[in-house]
Every structure is written in C-alpha cells, then in structure tokens.
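Worksheet: the structure to be examined is printed underneath.
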Amino acid sequence: MMAKFAENFQQHFPVGNPRDQFLCQILGAVQWLPMQTRNLVSTYHPLFPGVSSKRSDTLDWETVIPESAKFLINYRGLAESGGVTTIADYLSRTIVDLHIACQHPNQAAALTDLYKVYEGRGDQVGMANCKLMEGDNILSPPFASPISLSMVLVESSSAVGGDTLWDPIDFNLKFDYTSQARDCYASALSLFQNGRCKRGQAAALLRQACCLHNEQRHLRGADKQSVGLLDKAEEKLRQAHALFARDEANTRLVDAHRLLLNITRGEVSKTRAMAQGIGQWGVEARNELMAHGLGLLMMRFAYHEWNRFGRLDTALSAWECAYEVFDAINDVIPKFQTLMSRAAAHHDMFNDTAVKIMAPKALAMVDSVSDTYDRILNDAPDTPLGMADRKTVLASKFNMIWTFETNISHIFLRLEDFEALEDWQKKLLGFIEQDESFQHFIETIEQKNGSGLSLPEFGYSQARLKGLWKETMAHHAIRLRYASADIKSREDLMEGNIDRARTTLRRFVNDAEQMELVYTRDLYRILACAHIGDRAKARSILNTISDNMLFGGSLEEYLQGRALKTTFPAIAENALMFTIHGNDLDRAFRVVNLITKLVPDFFNWTFENIYNYSYRLGNYGTILLRNHYPQEAFRHLLEARQLIELRRTYTTDVDARIGNAMSRWIYEVFLDLARACLRCQEAGVPLAVLTQYKHGHSGSISWLEHALLFLEESRARAVLDSLQVGSGDEGKSDKRMVLLSEAIYKQRALRVLLALDHLSPQQERELSQLQREIDELEGSGKSSATTGFIAAASSTVEPQLLYRNIDEDTVVIEATFGVQGFVAFAITRNGIQRVHYGAARSVDMQMPAMRFMQVLKEMTGYRGEEEDTRKRVLNELSAEISSVLLTPFAGTIRLKSHVVFSVSEPFTAFPFSALVFDGEPLIVHASVSQIPSLTVLYYVSQRQSASRLPEPTVTVFAKSPVEPSAAEIRAGNEDDLHMAGIEAVNIARIFSTWPIEASRLSRKSFREYIRGISSVLHIGTHGNVDFKNPLMSSISIGEDFRVLDLSEIQSKADLIVFAACLSGLGKATIGSEVLAFSHVVLGTGCQAFMGTLWEVSDFASMLMMTIFYRNLKEKKQFSLAEALRDAQNELLQFDSGKASQFVDNLLESWTSETTNNAGPRPDEFVPDAEWLLQMSKMILDQLDWSSPFYWAPFMLMGSGGHRLSH
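Under the UniProt record's numbering, think of the first position of the sequence shown as 1, with each following residue one higher.
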C-alpha cells in the first residue's frame, strides 16, 4: 500500500494544486504513524518486553515527542495557519496518541488540552473520541485493547499458540473495569449521541460490552452477578451491531464478540456457524486480513481461557470457532495451531481418546504448514527489508515445527503409539537435515552465537549459546530414551510382571549415566528411581548435582537477573521436583529460599499458566510440610486445590474429568492437605485458624474430618459426576438425567469411534448416525443445558451425612497412597475411629499387591505341594499388606461383620477377602465389598428407598451352546459356553424364570432389558476387556455391546453381575482404570455390580453363582455382601463329600421334570449338562477347596450393605 502511494505521489504531486499537494504530504506523514507508534511503545512503554531496563528516570522527555512527531507537528502548524482546523485537530489527536504510546509524563495533560480544544469548538464527536482514548488508556496498554478483551493478539509461532516473549506480559495485564473507565465510556456514548454519530455510539457500546464480558471472565463461578453482566453485554452488542449498520468490517467484529459471549455462556449450538459466516465474509469481501484478525481473537481467547483460567469447555469451543474462520479463508498456519492446541489441552487433561482424534489431524497438516512457510519465503523480495523478513519467517517456521515436536512426541509416548512416533521422528530428521529453517537456526547459533535471531532471553552465556543445538538434541535423546523405558515398564506391569518392569527402569538408570551430561539426564534418572521406589539411588544421583546444574547450568545468569521471566520459571519448578523425588527435602527448602530470593512472588499467583502454577504450589506445599511448616503448607496447598477445582469445574467432558482426576500429582495435593490437617491437630493448632481460609467445609468439624474430606475430594471424581446429578428431587432431575445420559453417551461414543484406526461398515453407519443426533442436540440447545447441569454438581458432603450411610455392622477402611506415604482411616456410623499414616508409598505397596495377585492367578485349585507353596507365599504377602490396611484397625474390625474398602492405587481392584486376619481369610470374619469413595456410597445409598421390591427378581442373559451366534461364527472362536449355560439355567430356575438367549439380542433390545424392572441383571455371556480403553470393553450378545453403551441407560436394577464377560479387572491394580467401569456401571442407577478380578474356571464360577443367587432368594435378610460372603465361605468349607452332594443335587434338578411339564427343559438350553456335571464329579477328590482360587476373584463394588427385599 505504501509503495503504491509513493508511486502515485511521484507521478501526480508535481502537477497537483497546492491544497492537494499539502494533503498528500500530510497523508504521507500519517502513513508512518503505526510504525512510529510501535517504535515508541517498544522503546519507552514500561510494560513492553525488555523496556524497563532501557527506560531511565533521567530521560529527557521534552525531546521524545518533538523528535518522533516532528513532521506531524510541522504539518499541524501549517494546517492551523491555513485555517484547516479539521486536519489540525486530527493531527493533534495523532500526537496525543504518541504521548500515550510511550507513556509520556504529560500524556494526561495533552489529552485534556485536546479535549478542551474540541470543547471550545463545540465538537462533541471530538470530545467523545477523547473520552474513548482516555478509557482505553486506563484499561489497556497500546499493544492490547478493551476490544481485544485486554489480550495481546500476538501472532505466535508456537504450535500450541503460546509465546515465550509475550505470555508473561499478557498474563500479568491486570483488568479492572474502574469507575473512572466506566465514566469515560458513558460520557463518550452520551457525546456521540448528542453529535448524532452512530459509528461512535457503536464504538462506545462495543467497548462497554467487551469490558462487561471481561469483568465476568475474571469472576470465579457462575452466580447471578456474572449472568447479569453477560446479559448487559449482550444487549450492548445488539445495539452496537444495529448502529454499525452497513459498516461490514465492524459488524463482523461485533459478531465475533457475540460469538465469544455465547461461548462464555455455554450456548454453543450456533457458534460454529457464526464463525463459518465470518470466514466466508472475509473471502467474499476480499478482507481476509480482517477475518484473520477475528480468528486470532478467538484463538487467543481460547488460549487465555485454558492456560490462564483453566476453562477447558470455553477454550475448546473458541478453538473450534477459530478453526472454522481460518479454514474458510485457507489460513493454514493458525488453522494448524487450533488443532494442535486442542490436542495439547486434552493431553494436559489425560483425555487420550480425544487426543487420538486431534493429534493425527494436526500431524497430517505439517507438510502443508511447511509448504505455506516456504511460499512466504519465496515471495520475500531480494531487498534488505525482504532479507530481514526471511530471517523472521525462518525463525518462525523452526519454532513452529520444534514446538510441535515437543508436544507430539509427548502425546505419542503417552498413547504408546510407537509406530506413529517413529514415523514422526523420521520426518523430523528430514527437517533437521534438509529444511532451511533448521539449517538457519543451527548455523546462526553455532557461528554467530545467536546474533540475528529473535530469541527469548535464555540466560545462557555466549559460549553455551553457541552449543545450544547440540544440547537441545541431547535433551531430546534422553527424553525419548526415558519415555521408551517408562512405557516398556508399564507394559510389563500390565502383564503382571513387576520384576521385569523394575529391571527395565533400573537398566535405563544405569545406561543413561553414559549419555551426554545435560541438565535433564539426571532428572530422568531420578524420576526412574522414583517409579521403582529406589530412594537411596535417587538421593545418590541428586547428591552429584550441583546447584548450578540443578538450575539448568544458568544459576549465575539468574542471579544477575537474566531470563527470570522466560526460562527461569520452568527450570525452578524442575529444581523443586528434582529435590522432592531425590528425597532431600532439606535441600528442597534451601532451593525454595533461593527461588524466592530471585523472584519474591514466585509462589504468589499472578494469572500465569494455571496448570503449571497449581503444580508449583503442590510441590511447594510438600516441601513446607516436610520442613515442619504445616499451616503455611496448608495455605498454599489450599490454593493449589482451588486451581485444580477450577479446571474440573469448567470441564464438562466426562473423559477429561476422569483423566484429570487420575493425575498422580493431583492426588498428592489432596493427600498433603490431609497430612497438613493431621499435623495441625498433633501440634494443637486451634480450629479457629481455618476461618482465614476458603476450604468449603463446615466450620463445626474436626481436623481429622477436614483431612477425610480432602481425601474424599480426590477420590473417584468422575464416578461422582454421574451419581450426583441423579440424586436430587426425582420429578425435577429425571428429565435432566435423561438429557445428561443422552448427551454424554453420544459425545463419548462418537469420540471413541473417531479414535479407532479402522472402522467396520457397521461402525461407519453408527458414526454417521451419532453425528446427526449430536447436531440435533446442539441445535436444540439440550447439550449446553446438560453441560451446565453437570457443572453445577457438588461433591462435598458433610461428614455426618457420610457416616449416616454406613450400616451399624460396617467399618469402612479408606486409604490413600501417594508419592510420600499414605493416610488411612477406619470409619463407622459413629465417625472416624482411628487414623493411621506412615511412609509406605504407592510404589512400595505395588510390589506386594501385584505379587499377591500374580500368585492367586497361578493357583490351580488342586491339592499338592505347589499349591501349598503358593498359599505360604500368599500368607507372607498378606501379612505385609495387612500390616498397613488391617492390623492398625484390628480392634474396630473385630467388632464389625462387614468391611468396606475404599483404597487408592495399587488397590483399586484387589481381592481383599483373601487377606489374612486373625489367622484366617478376612472373609471368614466379615463380609467384604469395595466402594470408590465414601461420597460415592452416600449418593448410591440415596436410591435405596425407590428400588427395593417385596421379592427380588432376576433377568439372566446367557448364550446356549446349541447354536453359536453369527458374530462368533465370523470370528471363528466360539467360547465354551456349556458351564456358563448350566450356571444361567440354575440361576433362572431359582427365580422361576428362564435365561434370555443373548445371541439373538440387538443392542437396542438389550438396552430395554437393562432399563426394565428386575432387581438383578445377570450377564453370563463372554466378552472382551480392553485395558487401554476400558469403555470399549464389550459384552458378547447378538452384536457386541460395549461398556460405553451402558452410559446412556438408567436402570432400575439394584445389582448387575458380570459373570464372565468382564473378568480381568484385576489388571487395573496398577492404575485407576477400574474407575472407568465404576463410573459407567454405577452411573446406570444400580446399587452395586459384581465381577471377577481375573479369569476363573467355569466350574468354580458356576458353583459360586449358584450359591450366591440361592442366598438372595432364600435368605432375604442378607445384604448383597452377606450373600456373597456366605457363598464364599460355603465353598471354603467344601470337602469332596460336600462338593459331591452339591453336584448330585444339581444333577437331580436337571434330570427332573419341569413344573407342569409345560416350560422349557434345561437340556434344551445345555444338551451336555448332565455329562459335564458327571465329569466334574470325577475330579472332586483332587480339589483343594480352601484355596482362594475358587472364592477370592469375586469383587462386589458399590453398596454392599444393600438388601434386595424389604
């Protein structure tokens, strides 16, 4: 544009009239105003990156404006002398803009003088513009604006939208919609109205709307005040849109803000269409630049919502809208950034299913991103300015690809997608070896020590900067080596081989010592030691690390004040982690003191990245607690918890909530809060000090109860989400619950299908159908109503209410294991009976827990020395586990007949009934059940009054071995269904019913049965357990019915029994995957579910299930846990005679005539049943019934004290 003006100027100026020549000269000077403004801002504005060191108190301000605006001042004088007051006033206004840009000491006076000039002339529009300028200056620096929601709309070169240079400035901009700013905009609006300037009125209204919206964004929670602010903002945007009228660019700006306002409200049904409209307008109006700016506004809004405020829902919606804008105008690079930003946000929330969808899409765009950069490079002119631009573009391309590499490698490693990672590393190698941007970066660093590169302040010496690339690649190599070892170790754990898992990590620790010595090498070695529980080795490695290396080799530079806002925060956080995992909390405290010496407000939140800061505070709290500052630790841990809860509250995506809740360090924050409470009680700290803090608990409870509630908050949060929404008033909640189930199910099912590598034709059809139904839900607004309802659910229940739902005969053992130790409670109806805490960590308990499970799986149930040896090993391991979970509470346990376990990893799915107590299996003394948390027990128990029937009823699903299903024929692997068929017929006949042939059931018909009125649903078919994606575990009916499909169903059943289809939940001992099952199954509305922790023999299952259901029918006074215990004890007391008599009774039942000779015959369902039972009798003398093989695998999860009958 400037080149075209210069060309026309040279051609027409000599022959123009004096007035035109004068105006052309002014226009020529004004063209440079944006550049002059940027120069002044970058040189003098105190908030601009790096300016504070250059801005001096001795600066001669009298010369700044005259030198920067000499042409404008000169032309203003000529205009005034020529009587062209309009031009003179405009130039005066530009000069005031320059005063504001550099934060000149006389800026207020200059603006006041300009206002008085307009006032003297009666120019109300000019006066109004002065008020707009004053209001803008109060609220935002020149590089931001109230219209940008006070955000810096930086063109980031990071794949995830961050900017090392600008983020610290941007995140620390304080927004305060002061009365002074309000008055400025109100005065401007009134003056514009008096001057009949519609565009001015619209500009003022737009600013007021943006400020109201921004004010709401800075509030926490969704109260009436925030809703009122949004309503007012919406009305002002409506007025502004009408006043801008035919000004298309500004109406699109208002449209963008209406879109963002709707996102903040959670009303997103039309936002994507609005975004598409903005993008299409940009193309049609040939104003792609404006459309790009609005897309950038949406993208930066999303970045702030996630990183600054922790609001995943609004961030994802804004990124999706930005994507639509950039897609419409074919703006490849920011379009790619929106995809990768969404993938990274889901990765932060451990939402792997969503990541599997987003990450490959972003990866597929890398080539087009590279090509786009190359086109820009090729179009750069061969001029000094063009060459400078090429260097900027090269640096941007390098940073884009390298930040993508950092993120995508982490993603593929967590997904354990080695094939995708290997393919990407090959592509990355091509960039490193052949791409000009990488060559430029490497050559500039190595040959020129970084000169000519626009790099953030690293805090590196010149010599170290020269070797930056070599050091970067060394970091890269050690990161990949560690990740590979860590994933291999996890695979070994999934297979139950803990010894091999630990050997893998020990090998890494030793091998990595031979790699190049860089900052991260020993950090990863310490982390590996922490994962295997080798404290001594971790400490010995830490002892070899100097303070300088602890701070990334840049301690001297940090002490000089360099890079404190760029590299220091991440390095300092790593130093804290080094010392904690290295088991030197004294040194950790010294590191804290060093950090606060360098950055005094390091542990005071100033709206930086919410995830990083909550992690920082969690580590800080750990260090303070271990150094005997429990009250100070408590304060900072509470703040960390508040930020964690912010992320959870603003996330309605169930998979994201599950993933986030399973993060280990989050568990540790709540565990440390509990420890801090216990320390305060021991120290005699009065409860009155709690009034200083916002903890959300009742003021009338003890320190112990505060500790319990903090641990409850960390437990099974995703399970609670599905339970709370259905626990209120039936009439009011039913409709909402239906909406909730429908929306959650369809969104999750769609995502799960999209994440699959290959879809069958049936899955393709399901995918299309789901997409249509979701579009209808969003169009009707039901989806947003549903998400708003789930967000409002609260998980804090007062202790007395928790106790009241514990039966008189019951004790709950709630234990949480973490990185630094454990805390355990024994709780009864009368409250907390005892607290026990110590140094046993989750990694310490992992070894005996997994070996205990492994020995049980190796058992055969046959008499012999090998089985006796396994029993002895089992007793030894039991003693180690019981010393933590049972022995400290033995006195309370002996008084109770039902023990409920609510224990964290590595005991989330564990055969507690097989633990030895007082010399015998625990099941001999008491019934045993499990529950994700006491709060879950509370919500599940609320359903009891509505679900009990006078007589229990059972619906049995099974497959007859007579004819395999079509699915099994196609698969060619029909399971042996004979014994399962005998089991199904036995159960059905106990309740005077008949098994339903599962092979003939569709998903739809199966759902209807689950929604039915039976007390118990017995699912006796086989299935498949998917341990990497538990929701895709399937039940084999006519077509596979996934666990996921249960999430849309509200069942009236009290108990769901997975007799064979989901065996193997015990593998979840190494993680929290069992919670995914608990979340879905308990979320259907049932009281409890049963399954087996590992695959058991069909014969043992048939015996156990037959006795269990007989108890439910005949011993109506039994609770679910008592019925299970009685069945387990009956098997435990079997000998060959009792077993033989039991089988004989079954044979007699099978061979007898059916009632009235009218019903179906058992041998029609299982023709070979009599022969199978006779064959089983032949081995009874060889069986060791005391072996846990027969009775230990059965797990009861939920309300074990529930009784089916009145």
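For each residue, glycine too, the CB sits at the ideal point set by N, CA and C.
Note that the structure is a prediction, hence the values are computed from the model and not measured.
Next on the checklist: Going residue by residue through the region 473 to 528, where are the continuous beta strand (DSSP E) segments of at least 3 residues, counting only ones entirely within it?
Outcome noted: none
Next on the checklist: Give the list of continuous beta strand (DSSP E) stretches no shorter than 3 residues that lie fully inside the region 325 to 366.
Outcome noted: none
Item to check | 8 Å Cβ shell around Asp-136 - same chain, five flanking residues per side excluded | outcome: Ser-145, Pro-146, Arg-207
Item to check | 8 Å contact criterion, which Asp-255 and Ile-278 should meet: CB distance rounded | outcome: 6 Å
Checklist entry - What is the DSSP secondary structure of Thr-622, counted as helix, strand or coil? => result helix
Next on the checklist: Could you compute how far the alpha carbon of Ile-990 sits from the alpha carbon of Leu-1146?
Outcome noted: 12 Å
Next on the checklist: Among Leu-132, Gln-337, Phe-551, whose alpha-carbon lies nearest the alpha-carbon of Ala-159?
Outcome noted: Gln-337
Item to check | Classification of Gln-1117 by the beta-carbon crowding that lies within 10 angstroms, buried from 16 upward | outcome: exposed
Next on the checklist: Could you give the first and the last residue of the continuous alpha helix (DSSP H) run that contains Phe-589?
Outcome noted: 585 to 598
Checklist entry - What number of angstroms, rounded off, separates the C-alpha of Ile-545 from the C-alpha of Tyr-611? => result 27 Å
Next on the checklist: Does the contact criterion of 3 or more C-beta pairs under 8 Å hold for the region 378 to 386 versus the region 346 to 365?
Outcome noted: no
Next on the checklist: Our contact map puts Phe-1089 next to Leu-1055 with C-beta atoms below 8 Å; I'd like the distance itself, whole angstroms only.
Outcome noted: 7 Å
Checklist entry - Any idea if Trp-424 is buried or exposed, counting beta-carbon neighbours within 10 angstroms, 16 or more meaning buried? => result buried
Checklist entry - By the 10 Å Cβ neighbour count, where 16 or more other Cβ atoms means buried, how is Met-549 classified, buried or exposed? => result buried
Checklist entry - Helix or strand or just coil, what does DSSP make of residue 1211? => result Coverage of the chain is limited to positions 1 through 1206, which leaves residue 1211 absent and any answer about it impossible.
Next on the checklist: I'd like the list of long-range same chain contacts for Arg-863, defined as Cβ closer than 8 Å, with 5 residues on each side in sequence excluded.
Outcome noted: Gln-1182, Leu-1183, Asp-1184
Next on the checklist: Tell me the rounded alpha-carbon separation between Asp-231 and Glu-267.
Outcome noted: 13 Å
Item to check | DSSP state of Met-577 mapped onto helix, strand, coil | outcome: helix
Checklist entry - Using the rule of at least 16 other Cβ atoms within 10 Å of the residue's Cβ for burial, across every protein chain shown, is Gly-430 buried or exposed? => result exposed
Item to check | residue 1207 vs Val-1080 beta-carbon contact at 8 Å | outcome: Nothing about residue 1207 can be read from this structure; the chain reaches only from 1 to 1206.
Next on the checklist: For Leu-1180, which residues in the same chain have their Cβ closer than 8 Å to its Cβ, ignoring the five residues on either side in sequence?
Outcome noted: Ser-1136, Ala-1139, Ser-1140, Val-1143
Checklist entry - If you count every other CB in all the chains shown that lies within 10 Å of the CB of Trp-61, and 16 or more means buried, which is it? => result exposed
Item to check | Complete runs of the alpha helix (DSSP H) confined to the region 1000 to 1067 [at least 4 residues] | outcome: 1003 to 1010
Next on the checklist: For Thr-796 and Tyr-939, what's the separation of their Cα atoms in angstroms?
Outcome noted: 11 Å
Checklist entry - Which class does Gly-1198 belong to by DSSP, given the choice of helix, strand or coil? => result strand
Item to check | Stretch-stretch touch, CB-based, cutoff 8 Å, three pairs: the region 847 to 860 with the region 553 to 563 | outcome: no
Checklist entry - Should Thr-271 and Asn-262 be called a contact, given that it needs their Cβ atoms to be closer than 8 Å? => result yes
Checklist entry - Looking at Ile-832 and Ser-811, is the spacing between their C-beta atoms short of 8 Å? => result For clarity, residue 811 is Val in the given sequence; the question names Ser instead. No, the Cβ-Cβ distance between Val-811 and Ile-832 is not below 8 Å.
Next on the checklist: If you follow the alpha helix (DSSP H) that Ile-701 is in, where does it begin and where does it stop?
Outcome noted: That residue, Ile-701, is in no alpha helix (DSSP H); it is neither H nor E in DSSP.
Item to check | Three-way DSSP call (helix, strand, coil) for Leu-219 in this model | outcome: coil
Checklist entry - Since Phe-1099 contacts Ser-1176 with CB under 8 Å, what's their CB separation in whole angstroms? => result 6 Å
Item to check | Contacts around Tyr-1109, its chain only, beta-carbon distance under 6 Å, and the 5 residues preceding and following it disregarded | outcome: Ile-987, Ile-990
Next on the checklist: Assess contact between the region 107 to 115 and the region 82 to 97, defined as three or more Cβ pairs (one per stretch) separated by less than 8 Å. Is contact present?
Outcome noted: yes
Checklist entry - Should Gly-1198 go down as buried or exposed, given a rule of 16 or more other Cβ atoms within 10 Å for buried? => result buried
Next on the checklist: Output needed for Leu-415: all residues of its chain with C-beta closer than 7 Å, excluding positions within five of it in sequence on either side, in chain order.
Outcome noted: Asp-352, Val-355, Lys-356
Item to check | Ile-623 and Ile-580 closer than 8 Å at C-beta | outcome: yes
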